[in-house]
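Notes for the one structure printed next.
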Amino acid sequence: MSTSPAPRNTDTPLALLGGLSIREFLRDYWQQKPLLIRGAFADFEMPLEADELAGLACEDGIEARLVEENGPDKAWQVSHGPFDDATFTRLDAKADSQWSLLVQAVDHYVPDVAALFEPFTFLPRWRLDDIMISYAPTGGSVGPHLDNYDVFLLQAQGQRHWQLGGMLGEDAEIIDGIDLRILRHFEVTPGDDWVLEPGDMLYVPPRLAHHGVSQSDDCMTISVGFRAPSADEVITSYADYLGASLPESLRYRDAGMAPVADAGELDDAALERVRELLLNTLDNPAQLAQWFGRYMTQPKYLEQLATREPALKPKELVEYLEDEGVLVRTLGSRFAFRHADDGSSTLFVDGDGIPATQALAETLSSGEKLTAVLLDYTTADLDRAAVVSLLTALINRGSLILECDLQDEED
Numbered sequence: 079m080s081t082s083p084a085p086r087n088t089d090t091p092l093a094l095l096g097g098l099s100i101r102e103f104l105r106d107y108w109q110q111k112p113l114l115i116r117g118a119f120a121d122f123e124m125p126l127e128a129d130e131l132a133g134l135a136c137e138d139g140i141e142a143r144l145v146e147e148n149g150p151d152k153a154w155q156v157s158h159g160p161f162d163d164a165t166f167t168r169l170d171a172k173a174d175s176q177w178s179l180l181v182q183a184v185d186h187y188v189p190d191v192a193a194l195f196e197p198f199t200f201l202p203r204w205r206l207d208d209i210m211i212s213y214a215p216t217g218g219s220v221g222p223h224l225d226n227y228d229v230f231l232l233q234a235q236g237q238r239h240w241q242l243g244g245m246l247g248e249d250a251e252i253i254d255g256i257d258l259r260i261l262r263h264f265e266v267t268p269g270d271d272w273v274l275e276p277g278d279m280l281y282v283p284p285r286l287a288h289h290g291v292s293q294s295d296d297c298m299t300i301s302v303g304f305r306a307p308s309a310d311e312v313i314t315s316y317a318d319y320l321g322a323s324l325p326e327s328l329r330y331r332d333a334g335m336a337p338v339a340d341a342g343e344l345d346d347a348a349l350e351r352v353r354e355l356l357l358n359t360l361d362n363p364a365q366l367a368q369w370f371g372r373y374m375t376q377p378k379y380l381e382q383l384a385t386r387e388p389a390l391k392p393k394e395l396v397e398y399l400e401d402e403g404v405l406v407r408t409l410g411s412r413f414a415f416r417h418a419d420d421g422s423s424t425l426f427v428d429g430d431g432i433p434a435t436q437a438l439a440e441t442l443s444s445g446e447k448l449t450a451v452l453l454d455y456t457t458a459d460l461d462r463a464a465v466v467s468l469l470t471a472l473i474n475r476g477s478l479i480l481e482c483d484l485q486d487e488e489d
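Under my numbering, the first residue of the sequence shown carries the number 79, and numbering increases by one thereafter.
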């Protein structure tokens with residue numbers, strides 16, 4: 079099983095994409111139509127057992143859902159974790175096995191699961207959301223449904239029968255009262271009907287109806303999902319970001335206005351003036367980039383960022399790196415960068431924007447190993463002491479970890 083980063087040659091055929099090149103996939107399939115990929119991951123081995131997944135679902139702070147087609151109270155009942163042994167004992171005793179366990183963001187807790195992101199880095203890292211893993215006995219599913227984001231469905235263990243429907247609009251009839259977009263009506267598209275084996279994968283674009291039913295008692299499916307903020311979220315967040323920095327003196331103005339025909343009318347001239355105020359305020363590419371970098375690197379679960387205790391001192395960091403120490407990106411932390419036209423660079427990490435050198439920002443935002451070479455990524459504006467200070471701050475806030483600390487935790 080390969081978890082190496084996607085190749086830089088975008089015209090190379092990839093088994094991951096069914097023999098398509100990255101360029102072909104993005105041009106012909108991404109956000110347009112589904113793709114079945116047999117043997118996307120050769121000799122795939124599941125990174126964790128079903129009991130371990132259930133264990134995660136029993137922990138506080140981990141987002142887990144139990145979906146029962148015939149629940150104790152109603153059809154298509156969704157329960158939220160943390161669960162306990164009694165929950166799984168009840169499920170084992172059920173007359174039917176039409177249930178599924180969904181555990182979100184498993185990549186935040188299991189390094190081998192986080193490594194599964196690497197083959198998908200032909201897409202921007204900041205677009206990657208999380209990896210959900212589902213478990214279901216024979217007959218289990220979450221019903222025919224649709225999502226508002228792209229997803230790669232990798233069959234990890236057992237078999238799952240997938241059927242696809244058409245692309246649906248906002249008028250799709252959804253069952254009310256549950257936090258899944260389960261469809262009231264589902265019609266299978268002729269030919270879009272397959273059973274996936276371990277290592278097979280199905281790409282599903284946004285708003286495409288799909289239905290997967292377990293064909294074995296050990297069915298586990300890995301869902302690699304992508305962030306797709308809604309227009310409402312984008313507008314609200316950007317407005318809040320800008321609003322915090324705009325001066326009180328920047329206001330609606332109508333100097334030189336013509337006499338109004340009726341004092342109660344909102345005339346076209348007034349609307350044009352407020353439109354200009356909005357456009358002049360919002361249409362700022364530099365501000366937009368700074369907001370977007372912060373927005374798209376916000377952690378999925380902010381509480382996972384753990385402050386280092388005791389705080390690391392800059393001198394200790396230098397000694398550690400010069401002694402062949404390695405830094406590790408915290409599971410669940412998000413990194414990205416932006417190079418501006420004026421030559422400056424910003425490192426975006428976990429919702430913050432930090433001035434950095436180009437090389438430092440690019441390396442921290444990549445999948446590369448983080449070693450003492452980071453200390454040499456300096457410029458006239460950001461000397462070695464400033465780089466050390468930046469790295470130390472990222473460690474103490476929890477975005478980076480000393481590899482030795484990680485090993486101590488595992489022991």
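C-beta: ideal position from N, C-alpha, C; glycine also.
Euclidean distance between Cα positions of residue i and residue j
i	j	result
Ile256	Gln237	26 Å
Ile140	Arg475	21 Å
Leu366	Ala464	26 Å
Ser422	Ala347	40 Å
Leu484	Ala193	16 Å
Ser99	Gln109	16 Å
Leu286	Phe103	17 Å
Ser178	Lys391	47 Å
Leu114	Tyr319	41 Å
Gly403	Gly445	17 Å
Ala322	Phe370	15 Å
Asp138	Thr385	19 Å
Phe166	Asp129	11 Å
Ala142	Leu94	28 Å
Ile473	Asp162	34 Å
Ser327	Asp310	27 Å
Ala171	Thr441	51 Å
Glu275	Gly133	25 Å
Val352	Arg372	28 Å
Gly117	Gly97	10 Å
Asp419	Tyr316	22 Å
Arg329	Leu357	13 Å
Cβ-based burial, residue i [other Cβ within 10 Å; buried from 16]
i	result
Asp278	buried
Tyr398	buried
Ile313	exposed
Leu349	exposed
Thr424	buried
Pro125	buried
Tyr455	buried
Ser411	buried
Glu146	buried
Ser301	buried
Thr90	exposed
Ala414	buried
His288	buried
His186	buried
Leu480	buried
Gly159	buried
Pro222	buried
CB contact flag (residue i, residue j, <8 Å)
i	j	result
Asp219	Gly290	Just to set this straight, residue 219 is Ser in the shown sequence, not Asp. Yes, these two residues count as a Cβ contact at 8 Å.
Cys136	Ala214	no
Gln241	Thr299	no
Pro112	Val282	yes
Leu478	Val396	no
Leu231	Leu261	no
Tyr227	Ala306	yes
Gln368	Gly431	yes
Ser443	Arg203	yes
Arg205	Phe304	yes
Val229	Ile209	no
Gly243	Glu265	yes
Val338	Asp332	no
Val181	Leu131	yes
Leu453	Val466	yes
Ala450	Glu394	no
Closest by C-alpha distance to residue i, when choosing among the options
i	options	result
Arg531	Leu438, Asp420, Asp254 and Asp295	The shown model of the chain, from 79 to 489, leaves out residue 531, and the question about it has no answer.
Phe119	Gln110, Pro197 and Ser467	Pro197
Gly217	Ile473, Tyr187, Ser292 and Leu357	Ser292
Gln235	Glu248, Gly221, Ser212 and Glu481	Ser212
Thr435	Gly429, Asp419, Trp154 and Thr457	Thr457
Gln382	Ala418, Thr408 and Glu343	Thr408
Asp254	Gly133, Lys152 and Ala450	Lys152
Thr39	Pro363, Asp419, Ala450 and Arg86	The chain is shown only over 79 to 489; residue 39 falls outside these bounds and no answer can be derived.
Asp428	Ala471, Leu452, Leu460 and His158	Ala471
Can you check the region 101–157 for any alpha helix (DSSP H) of at least 4 residues that lies completely inside it and give the ranges in chain order? 128–135
Enumerate, from N- to C-terminal direction, the unbroken beta strand (DSSP E) stretches of 3 or more residues contained entirely within the region 369–454. 405–407, 413–417, 423–427 and 430–434
List, from N- to C-terminal side, the beta strand (DSSP E) runs of 3 residues or more that fit wholly inside the region 170–258. 177–181, 206–214, 229–235 and 238–245
Within the region 292–337, ranges of the alpha helix (DSSP H) (whole runs, at least 4 residues): 309–321
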